[in-house]
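Enquirer: 1 is the number of the first residue of the sequence shown in my numbering; add one for each residue after it. Virtual Cβ for every residue (Gly too), placed ideally from N, Cα, C. Being a predicted model, the structure only gives us computed values, none of them experimental.
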Amino acid sequence: LNKLASKWNKLKILLKATVFTAKSMISWVVLFLLFLFICTLFMMQIFATSFHFEDTDDLAPLVDAKYQGEVWCPETEDARSWHFRQECIPRANFDTFVWAFITVFQVMTGENWNTIMYAGMRASERWDTPSF
Numbered sequence: 001l002n003k004l005a006s007k008w009n010k011l012k013i014l015l016k017a018t019v020f021t022a023k024s025m026i027s028w029v030v031l032f033l034l035f036l037f038i039c040t041l042f043m044m045q046i047f048a049t050s051f052h053f054e055d056t057d058d059l060a061p062l063v064d065a066k067y068q069g070e071v072w073c074p075e076t077e078d079a080r081s082w083h084f085r086q087e088c089i090p091r092a093n094f095d096t097f098v099w100a101f102i103t104v105f106q107v108m109t110g111e112n113w114n115t116i117m118y119a120g121m122r123a124s125e126r127w128d129t130p131s132f
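#1: May I ask you to report which of helix, strand or coil DSSP gives G133?
#2: Taking only three categories from DSSP, how would you classify F94?
#3: For T21, is the classification buried or exposed, using 16 other Cβ atoms within 10 angstroms of its Cβ as the cut-off for buried?
#4: Quick check on the DSSP output: the alpha helix (DSSP H) that includes A17 runs from which residue to which?
#5: Going straight from the alpha carbon of N207 to that of N93, what length do you get?
#6: At the level of alpha carbons, what is the spacing between V29 and F35?
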């Protein structure tokens, strides 16, 4: 890339501008990641282990109240792998830090955020949706 940039003057100018822009955005990226981290911890406190539904793709009700707060889906205490014990949990959830981080990032980018908001409305007995 360096040989190509040395031959093309305009490409050299464009690459320098790109590097300068990336250097100037470092503080913004750090602040954004800090904000994302704080929001992730906040949403985990509110919605951890509460996105457990009878059917994750439908407007199905929550699983039985006696199973709320459980890490896995109800009646999966057998020898199945943990991959098969998450049938009642949607992909966008706040159970672990990694999934909560991804879910908060999904809400911040606006990608299908309304599905997560409606799942939060179904999962909470109080109105926690202003957090979205």
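Expert: Let's see:
#1: Because the chain is modelled from 1 through 132, residue 133 falls outside the range shown and cannot be assessed.
#2: Along the sequence shown, one-based indexing puts residue 94 at 94. Assigned with DSSP and collapsed to three states, F94 falls in coil, not helix or strand.
#3: Numbered from 1 along the sequence shown, position 21 holds the residue referred to as residue 21. Looking at its Cβ environment, which holds fewer than 16 other Cβ atoms inside 10 Å, T21 is exposed.
#4: Along the sequence shown, read from residue 1 onward, the residue named residue 17 stands at position 17. Secondary structure note for A17: its alpha helix (DSSP H) is the uninterrupted segment 9-24.
#5: Here the chain has residues from 1 to 132 only, and residue 207 is not among them.
#6: Taking the first residue of the sequence shown as position 1, residue 29 is located at position 29. Taking the first residue of the sequence shown as position 1, residue 35 is located at position 35. The alpha-carbon atoms of V29 and F35 are separated by roughly 10 Å.
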